[in-house]
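Chains as they are written, first to last, in our numbering: chain A, 7 to 418; chain B, 7 to 418.
Here it is, written out as structure tokens:
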């Protein structure tokens, strides 16, 4: 029998307890062991829960109990999750977590402790919910150079964009619907501004390239400025707009990582990923494009990924899984200004003919999506550096051209 | 250093050697060991190969060399692959194979030997080429009841159907193009008649449900009778036709497995899987739908999956991976006749009004896709057992209605 503790009995934590209870037989046959929940850490009491006897509000019950070999962290946030996870690892316990903020901020430090203590720190559920993605990346790494990772990593923003694309709902209305359905928090910044996507692309990139990438070093743009008109113009030109987290290997030393809305060709599989679903594209030099799709969040999908990690810990109770990256000061990231892309632009001007003329002079050839007396929508033909785009747009503003929208094109 | 042998230097075998050579550094860092190719078994000589010194045409060189710990089998076919793999396992060597025929026919027997000898038998590349699918299925099993697995598992037939769907090419023309491009063999039966798809769904089902499923027990229908007109009628009704291998859990004891063309709603992600790409849907009770997409065949994708397995063997050189199923007499399969489905039907008759009348009497309500004086195309509203459909169609034939096409609808 292996005794475990669950820290946090919210959506994911209670899901973990539920999956462990409802899948007892298969858990036993797969882990070759009985998994027993000894503690659940939560300040609240749940007298009607089948686990009522397991509750404690005292972390040291768990930390000091040598019988507890595996601790599941589902509290979320950085504190006290960080301190608790660190102390569990230091006490020689393996840890499974679904906490993307924790891994994105403290992954390297915690993996180092896990290595020194010869225990496992697993976090499959932190990216893509129920989609197996970190293991496959880790697996395919050895026989592949990973050239690019790109994903629709946040269900809330994808739900909002899907509403805008398919039902011509405005951003504000779609966000309100997402909140009513419980997909979006009352304070939606973490989703809508791209922070959640950023954490997830940082975790995948850290794993794929072996060095910790810190979210604060990634240029991160959300979807709060996407207007319905841009969704419609993009559609007319054969594109959908999706919030993408993307890492490209520039050369052996450098990575280009960005989080921002991007135009995706409608015939690309990622363009068909709708509602709260997530999808992640991994491009290897040997495998080519591989895509993983599924529910990126939700109680049971996330819980089942956590439980799969728990089983892996049980199977590797005395041997470590190889899942590791080093700390880094992120010198491997190119300057965000040096990132290149094609662009979608919507401009307004009293003199559209002149504006289009200047656009061509400054940005080279483009495809004209639409224009009338006051508005023009174009897609550049060439890739342009962010800094060059900025200086071109500032010149345009100086001659009375208003830049109403500027969105990157995906290059996958 | 771990010494390995590669049996068969065709497309996949030479790809394995290439990936091992071109990814030396990452192989070393991931396997914590140096992988050295000691033998390559092939009747041909390759004097210009960087591995020229490794070639042998004598299997016993490999079987009797105790330094060889891992053997990669890429010969294909059943004999002598089966005897060689069996002898390698009996000699205490781990085996990695890309050979789906071997695993679909002899998996249970070989896994048993591997277990007894405490070595590994891995075969990720046998399904989905470069797509990681067997590991994720194995991983998600413990925390999920797998309710359904359905996939586009054969690149050649998907290429042919894509040509028919997008370019209105006939089956015969599309097959010819596939042969010219090297996607289809001169004798295309294994692909076109569904045998290849059948082997792959058998392997995934054996793994997911723990008991060997033999291809001979699976009702298998290919795409050779799909006519362009059906592709077009289906498209008009909002569907595409794909060759699907599918396993459904009927209850705790019984499975419904089938290989046949199916109509898929155009807005389903699998409908957008084109050309030689593969995609596999796994429906878990906790994760919901998860889809894996990528190149299902080809030298480097397949080779990289083989090499990932080799690395896993190196890492588990003294510990076994848990990947296993028992032999079975396939009593867990329902009678193919009892399988239920909605159906697409195209019928011809001199008296279409009467034919439609009889169709409704025999099959219940249906959606009329199109009809004229001599032809009607319908999609049934209700699921009908195969045997009930057969007897209904025979009654229709008796009253002068010709059944020109009968295709199942996917229920995912």
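Think of the CB as a built atom: it goes at the ideal place given N, C-alpha and C, for glycine as much as any other residue.
- By the CB criterion at 7 Å, residue 287 (chain A) and residue 281 (chain A) fall outside the cutoff.
- Within the DSSP bridge table, the entry for residue 295 (chain A) names A:289 as partners.
- Excluding its 5 nearest sequence neighbours in each direction, residue 346 (chain A) has C-beta neighbours in its own chain below 6 Å: 389 and 391, listed in chain order.
- When C-beta atoms of the region 140 to 153 of chain A are compared with those of the region 197 to 214 of chain A, three or more pairs fall below 8 Å, so the two segments count as touching.
- For residue 380 (chain A), there is no enclosing beta strand (DSSP E), since its DSSP letter is neither H nor E.
- In terms of beta-carbon proximity, residue 350 (chain B) stays away from the interface with chain A, with every pair separated by 7 Å or more.
- Within the region 89 to 172 of chain A, the complete alpha helix (DSSP H) segments of 4 residues or longer fall at 106 to 123 and 140 to 147, listed in chain order.
- Under the Cβ criterion (8 Å, minimum of three pairs), the region 295 to 305 of chain A does not count as touching the region 177 to 188 of chain A.
- Residue 86 (chain B) carries a coil assignment under DSSP once its states are collapsed to helix, strand and coil.
- At least 7 Å separates the CB of residue 100 (chain A) from every CB of chain B.
- If you look at residue 348 (chain B), you'll find it isn't in any beta strand (DSSP E); DSSP assigns it neither H nor E.
- As DSSP reads the structure, residue 267 (chain B) sits in a beta bridge with B:249.
- Beta-bridge partners of residue 414 (chain A) (DSSP): A:268 and A:349.
- Cα atoms of residue 404 (chain A) and residue 361 (chain A): separation of roughly 11 Å, rounded to the nearest angstrom.
- Using a CB distance below 7 Å, the part of the region 20 to 52 of chain B facing chain A consists of 25, 29, 32, 33, 36 and 37, ordered along the chain.
- At a cut-off of 7 Å between beta carbons, residue 142 (chain A) contacts chain B.
- Setting aside the 5 residues that flank it on each side, residue 88 (chain A) is surrounded in the same chain by 108 and 112, each with a C-beta closer than 7 Å to its C-beta; the list follows chain order.
- Counting along the chain, residue 330 (chain A) sits inside no beta strand (DSSP E), nor does DSSP assign it H or E at all.
- According to the DSSP assignment, residue 47 (chain A) belongs to the beta strand (DSSP E) that extends over 41 to 47.
- Residues of chain A with a Cβ closer than 8 Å to the Cβ of residue 298 (chain B) are, in chain order, 296, 297, 298 and 299.
- Counting only residues of its own chain and dropping the five nearest sequence neighbours on each side, residue 173 (chain A) has no CB closer than 7 Å to any other CB.
- Residues 10, 11, 12, 13, 19, 22, 101, 102, 103, 312 and 316 of the same chain have their beta carbon placed closer than 8 Å to that of residue 78 (chain A), with the five preceding and five following residues left out of the count.
- Where residue 76 (chain B) is concerned, the enclosing beta strand (DSSP E) starts and stops at 74 to 79.
- With a 10 Å radius around the Cβ and a threshold of 16 neighbouring Cβ atoms, residue 145 (chain A) comes out buried.
- For residue 150 (chain A), the C-beta contacts it makes with chain B under 7 Å involve 310, in order along the chain.
- Counting C-beta pairs closer than 8 Å gives three or more between the region 149 to 161 of chain B and the region 249 to 263 of chain B, which meets the contact rule.
- Residue burial is scored here from C-beta neighbours: residue 267 (chain A) has at least 16 other C-beta atoms within 10 angstroms and is therefore classed as buried.
- Here DSSP, grouped into helix, strand and coil, assigns residue 57 (chain B) to coil.
- A contact is defined here as three or more CB-CB pairs under 8 Å, and the region 348 to 366 of chain B meets this definition with respect to the region 376 to 390 of chain B.
- B:272 is the residue among B:54, B:272 and B:199 whose C-alpha sits nearest the C-alpha of residue 237 (chain B).
- Apart from sequence neighbours up to five positions away, the residues of its chain that approach residue 243 (chain B) with a beta-carbon distance below 7 Å are 375 and 385, ordered along the chain.
- Within the same chain, Cβ atoms closer than 7 Å to the Cβ of residue 41 (chain B) are found at 8, 10, 26, 33, 316 and 320, the five residues on either side in sequence being excluded.
- For the C-beta of residue 147 (chain A), the chain B residues within less than 7 Å are, from N- to C-terminus, 32 and 36.
- Within chain B, the residues whose beta carbon sits less than 9 Å from that of residue 136 (chain A) are 146, 150, 290, 292, 293, 294 and 296, listed in sequence order.
- In the DSSP annotation of this structure, the continuous segment of the beta strand (DSSP E) that includes residue 13 (chain B) starts and ends at 8 to 13.
- Per DSSP, the beta-bridge partners of residue 339 (chain A) are A:261.
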